[in-house]
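Asks: In terms of the numbering used here, the sequence shown opens at residue 174 and continues consecutively.
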Amino acid sequence: LYTRRIVQNQDGSPQEAHLCAEVTLGNDTPDDRLVDVSVHFSENVARNAKVLVKAGDTTTARIPVTVIQPTLWDAENPYLYQVTVETEELGIFRSHLIPAADHAMRDVDTVSFGIRTVTADAIHGLCVNGQEVKLKGGCIHHDNGLLGAVSLYDSEYRKIKILKDGGFNCVRTAHNPPSAALLEACDRIGMYVFNEAFDAWGVAK
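Structure below.
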């Protein structure tokens, strides 16, 4: 799920947010399947699409979603929407659709998502939702003191909350890909992330 663009009113407030939901579907059966994919926002916004998934293959459904008068996410106002994706098998598709029986395959997942745009250039620097942002932060490692390298949401939340209360608005994950728990804590607290996967790559230490 990502933000394609935000349309603003004359006073600068957000009028519409145009988003795109990308849902990857896998089919490990020997038949082509037609699947209904629906996306539901916490603000009662819903869109759906029908997707053909070839036998033994995967495909990605790209569903456009428009949210009217959205609340935008940034480090000062970390507003998150709850987005639920539901998939339901409609049946086997050959020369025509053979409807699925009562045991049709279904799946559902819910994620949190903040509506925002991020740009960077040599003139304005980093901009979030069209506003220039100065990063104030530092490096953190993946471990949690005496807890070791395990990533627990409560410990990650505590670590980020201490930094946020100290005036940070950004962290650099030195030098490991961040865990899902850390990123969720940053989303909820309001913290930008410089996602550093490696300490060195083309040049050795």
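Positions of the beta carbon are idealized from the N, C-alpha and C atoms, including for glycine.
Using a Cβ-Cβ cutoff of less than 8 Å, which residues in the same chain neighbour V281 once the five nearest sequence positions on both sides are dropped?
Replies: For V281, where only same-chain residues beyond five positions count, the Cβ hits under 8 Å are T257, V258, E259 and T260.
Asks: May I ask you to report which of helix, strand or coil DSSP gives A190?
Replies: DSSP places A190 in strand when its eight states are reduced to three.
Asks: For my contact list, E195 and T233 are in at a C-beta cut-off of 8 Å; report their separation, rounded to the angstrom.
Replies: The Cβ separation is near 6 Å, so the contact holds.
Asks: Write down the C-beta distance between R178 and T290 rounded to the nearest angstrom, noting that I regard them as a contact closer than 8 Å.
Replies: R178 to T290, Cβ: 7 Å. Contact.
Asks: Report the residue from V301, V344, L308 and S352 whose alpha carbon sits nearest the alpha carbon of A322.
Replies: Measuring from the Cα of A322, the nearest candidate turns out to be S352.
Asks: Would you mind working out which of T283, I265 and T197 sits nearest H276, comparing C-alpha positions?
Replies: It is I265 whose Cα lies nearest to the Cα of H276.
Asks: Quick one: using the 10 Å Cβ neighbour count with 16 as the cut-off for buried, is K337 buried or exposed?
Replies: Counting Cβ neighbours within 10 Å, K337 comes out buried, since at least 16 surround it.
Asks: In angstroms with no decimal places, state the Cα-to-Cα distance between A228 and L356.
Replies: Looking at the two C-alpha atoms, the distance is approximately 35 Å.
Asks: Looking at C-alpha atoms only, which residue of V210, V344, R279 and I335 is the closest neighbour of V238?
Replies: Nearest of V210, V344, R279 and I335 to V238, Cα basis: V210.
Asks: Among Y254, F367 and I236, which has the Cα closest to the Cα of T197?
Replies: Considering only alpha carbons, the answer is I236.
Asks: Are three or more beta carbon pairs between the segment 310-319 and the segment 292-300 nearer than 8 Å?
Replies: Segments in contact, no.
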